[in-house]
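The C-terminal residue of the sequence shown carries number 413 in the UniProt record's numbering, and the numbering is unbroken.
Structure first, commentary second.
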Amino acid sequence: MKILHTADWHIGKLLEGKSRLEEQRIVLEQFVSIADTTNADVICIAGDVFDNGHPSAGAEMLLYHTLKELSKQGQRLVVLIAGNHDQPSRLEAIVPLAREHGIIIYGTPRTKIPSGKYGNFEIESLEEGVFSFSCKGEKAVFACIPYVSEKTLNEVLYREEDGDEKRAADYVEKIGELFQKKASWYQEDTINVLVSHVFTLGCKKDGSEQGMMLGNSYLLSPEVFPEKAQYVALGHVHRPQKVIGSHGRIRYSGSPLPYRLQETVIAKQCSLVTLHPQEEAVVKEFYFDNPKPIEKWVCESYEEALKKCEENQNRPCYVYLQIYTDTYIREEQLKELKGYKEDILEVIPVFPETEQKKTGTVFTEKSFLELFLDYYQEKKGILPEEEILETLQEILKEEDENETDFHENERIK
Numbered sequence: 001m002k003i004l005h006t007a008d009w010h011i012g013k014l015l016e017g018k019s020r021l022e023e024q025r026i027v028l029e030q031f032v033s034i035a036d037t038t039n040a041d042v043i044c045i046a047g048d049v050f051d052n053g054h055p056s057a058g059a060e061m062l063l064y065h066t067l068k069e070l071s072k073q074g075q076r077l078v079v080l081i082a083g084n085h086d087q088p089s090r091l092e093a094i095v096p097l098a099r100e101h102g103i104i105i106y107g108t109p110r111t112k113i114p115s116g117k118y119g120n121f122e123i124e125s126l127e128e129g130v131f132s133f134s135c136k137g138e139k140a141v142f143a144c145i146p147y148v149s150e151k152t153l154n155e156v157l158y159r160e161e162d163g164d165e166k167r168a169a170d171y172v173e174k175i176g177e178l179f180q181k182k183a184s185w186y187q188e189d190t191i192n193v194l195v196s197h198v199f200t201l202g203c204k205k206d207g208s209e210q211g212m213m214l215g216n217s218y219l220l221s222p223e224v225f226p227e228k229a230q231y232v233a234l235g236h237v238h239r240p241q242k243v244i245g246s247h248g249r250i251r252y253s254g255s256p257l258p259y260r261l262q263e264t265v266i267a268k269q270c271s272l273v274t275l276h277p278q279e280e281a282v283v284k285e286f287y288f289d290n291p292k293p294i295e296k297w298v299c300e301s302y303e304e305a306l307k308k309c310e311e312n313q314n315r316p317c318y319v320y321l322q323i324y325t326d327t328y329i330r331e332e333q334l335k336e337l338k339g340y341k342e343d344i345l346e347v348i349p350v351f352p353e354t355e356q357k358k359t360g361t362v363f364t365e366k367s368f369l370e371l372f373l374d375y376y377q378e379k380k381g382i383l384p385e386e387e388i389l390e391t392l393q394e395i396l397k398e399e400d401e402n403e404t405d406f407h408e409n410e411r412i413k
């Protein structure tokens, strides 16, 4: 059985306010072509198909068209789970139509699909998030666990009468319990696959998914995943990689496009996984051609920047333009640059005094506000707006007051 693993499409995502639907359309057409040329039996999409819970009509249209093309009128099974960027109810709203095309959608860990015909496939629903089917004389069991918060984990795992001790267990322990519960359906003579949208220990992130966990509480070690799962298809991290310590059995496919400047150093791909019962997975990578790269140009002067914009005006690419200068970039200069290269995302002037500050000031000698101002100027080339500064100062004031109250209470005790 051949499974094509992908994730993190983020359809509808903007880049500095610019729509990327056309690039997403092109790269998803490449994905459909890969599915066809490899004769994949199953398409596995491990979450974050949309970039937010309220996608535009254009984003929805692109997803539905792509799913229809992938399914080949029900000849190929498509398995889709929700990520943290997706709205589960919105994804599951198309189930009545999707089922006819052999498309299975799990919006939440509590989703239990009905057994029956999905396209050309006979699906047996085993429990919430688990189903089995046969293809080419082999039977497969898929355990599908969409993105799950700690609150939802408690609702999925425990009944109201269960004690506080169980509910107090940490996230890793609870999701491991959920994985093992689903893995109980795996058999020796079946192809066993786990699909989920989670972070793992040691994964190389690129800034695309931040703030999704508190400390290391949401980071899963390889030992958490069931041993009987021959292949674990993950989404959540945009950089394609094998999970450390898993010997390639647990993988992130990564996103099909770079969505930040930090992502441009790694080639984007999807993974074709060949599986047979009781055998190790054989994985082959297929790479996407980026129709419009994100680039950073560093120029020693405004004149050099202008010349580079003129020379590259017809080449499709997004640009962060960093210019070393003694003066601020004027409005008419910005218009001149963008007259040649309209896809300049940001012009970042770098002043000599900025460079001197970077090398001449001890980090610990500055206040948090000073460090923030330095960082903002370095990244943007200008001071932050007054509204941003006021908000930051209010937060810092509240923190100081809380700290004072804490120490006062401690003194009274």
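In this text, a Cβ means the ideal position worked out from N, Cα and C, and glycines have one as well.
A direct Cα-to-Cα measurement between glutamate 23 and alanine 233 gives close to 25 Å. Three or more beta-carbon pairs drawn from the stretch 316 to 323 and the stretch 289 to 302 are found closer than 8 Å, and the two stretches are therefore classed as touching. Take glycine 176, set aside five residues on each side of it, and the residues of its chain with a beta-carbon closer than 7 Å to its own are Val224, in chain order.
No residue range can be given for glutamine 73, since it is assigned to no beta strand (DSSP E) and is classified by DSSP as neither H nor E.
Three or more Cβ pairs closer than 8 Å define a contact, and the stretch 105 to 113 falls short of that threshold against the stretch 255 to 267. When Lys204, Asp48 and Lys341 are compared, the shortest CA-CA separation from asparagine 314 is found for Lys341. Relative to the Cα of tyrosine 64, the nearest Cα in the group Arg25, Thr38 and His85 belongs to Arg25. In terms of Cβ geometry, leucine 396 and leucine 369 form a close pair [threshold 8 Å].
A straight line joining the alpha-carbon of lysine 2 with that of valine 347 spans about 46 Å. Pairwise C-beta distances place the stretch 176 to 190 in contact with the stretch 116 to 134, as three or more of them are shorter than 8 Å.
Put simply, the stretch 43 to 53 does not touch the stretch 92 to 100. Fewer than three CB pairs are less than 8 Å apart. Listed in chain order, the beta strand (DSSP E) runs fully inside the stretch 293 to 331 are 294 to 299 and 318 to 324, counting runs of at least 3 residues. Beyond the five residues adjoining it in sequence on each side, aspartate 189 comes within less than 6 Å, by CB distance, of Pro277 in the same chain, given in chain order. Put simply, the backbone Cα of glutamate 227 is about 33 Å away from that of valine 265. Per the C-alpha coordinates, the member of Asp289, Gln230 and Gly245 positioned closest to serine 255 is Asp289. Beta-carbon to beta-carbon, histidine 85 and cysteine 44 are separated by about 18 Å, too far to satisfy the 8 Å threshold. Just measuring C-alpha positions, the residue of Ala281, Gly235, Thr325 and Leu272 sitting nearest isoleucine 81 is Gly235.
Glutamate 227 sits in coil when the DSSP states are folded into three classes, being neither helix nor strand. In the structure shown, leucine 334 adopts helical secondary structure according to DSSP, grouped into three states. Inside the stretch 131 to 158, DSSP marks whole alpha helix (DSSP H) runs of 4 or more residues at positions 150 to 157, from first to last along the chain. Between alanine 267 and tyrosine 231, the beta carbon gap of about 21 Å keeps them out of contact (Cβ cut-off 8 Å).
Under the DSSP assignment, alanine 98 falls outside any beta strand (DSSP E), being part of the alpha helix (DSSP H) whose first and last residues are 95 to 98. Under the three-state reduction of DSSP output, alanine 267 falls in the coil class, being neither helix nor strand. C-alpha of serine 253 to C-alpha of threonine 327: approximately 45 Å in a straight line.
With respect to the C-alpha of phenylalanine 286, the residue from Pro146, Ser71, Glu124 and Phe31 having the closest C-alpha is Phe31. In this structure, DSSP gives histidine 197 an extended state, which the three-state scheme calls strand. Within the DSSP secondary-structure output, proline 349 pairs in a beta bridge with Ile323. Secondary structure of histidine 5 (DSSP, three-state): strand.
The DSSP-derived three-state label of leucine 275 is coil.
Between the beta-carbon of glutamine 75 and that of glycine 119 there is about 7 Å, and that keeps the pair under the 8 Å contact cut. Note that the C-beta distance between leucine 306 and glutamate 336 is below 8 Å.
Contact between leucine 67 and valine 78 holds, since their C-beta atoms are separated by about 6 Å, short of 8 Å. Around the C-beta of alanine 59, 16 or more other C-beta atoms lie within 10 Å, and the residue is accordingly described as buried. Note that the C-beta distance between leucine 345 and leucine 15 is below 8 Å.
Annotation: the continuous alpha helix (DSSP H) that includes phenylalanine 31 extends over 21 to 37. In the DSSP assignment, alanine 40 falls outside any beta strand (DSSP E), carrying neither H nor E.
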